[in-house]
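Single-structure report; data block below.
Residue numbers (the numbering used here): 125 to 295.
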């Protein structure tokens, strides 16, 4: 076999197991305004529900105002951003359209939004292992049925009770 050939399975996909993890950060933390306060918490609970594996590709969808806070807390991942209502969802849907079934054997979606139902069902029908990770209170029933596996996130922490610190308060 020539060095440049890749081993393929019966369906013609790469035989090596590859996983992509897509995170709708706004869905996890409870909205765009909560990204700043809860991104570190979200990273920790997602890490517990979806332990990192060598070779994982992690893609996080976010709106423009949450990108800086996200990038400061979560490094070495791919960020996709789009403004507007459902901007993060639409940016992640674009990623799901990037020949995922030909490149990955497993997709983990960290979101409960029903907008992802068709994409997850299509991947599952092509033999891709699909897992949805979401809050029980925010999990679309259609998405739950489309996924091969569902894992539940703990509910979001309450907003910070600590008073905001201004630049004048910092020595």
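Don't be surprised by glycine CBs; every beta carbon is placed ideally from N, CA and C.
Secondary structure remark: continuous beta strand (DSSP E) runs of at least 3 residues inside the region 184 to 264, in chain order: 202 to 205, 230 to 234 and 253 to 259. Inclusion of residue 234 and residue 170 in the CB contact set at 8 Å is warranted, their separation being smaller than that value. Beta-bridge analysis with DSSP links residue 146 to 183 and 233. Going by beta carbons, residue 153 and residue 145 fall outside the 8 Å limit.
Taking the C-beta atoms as reference points, residue 261 is found nearer than 8 Å to residue 279. Only buried fits residue 143, as 16 or more other CB atoms lie within 10 angstroms of its CB. Cβ contact annotation for residue 270 (same chain, cutoff 7 Å, sequence separation greater than five): 241, 244, 245 and 248, in chain order. For residue 195 and residue 216, the gap between their C-alpha atoms comes out near 17 Å.
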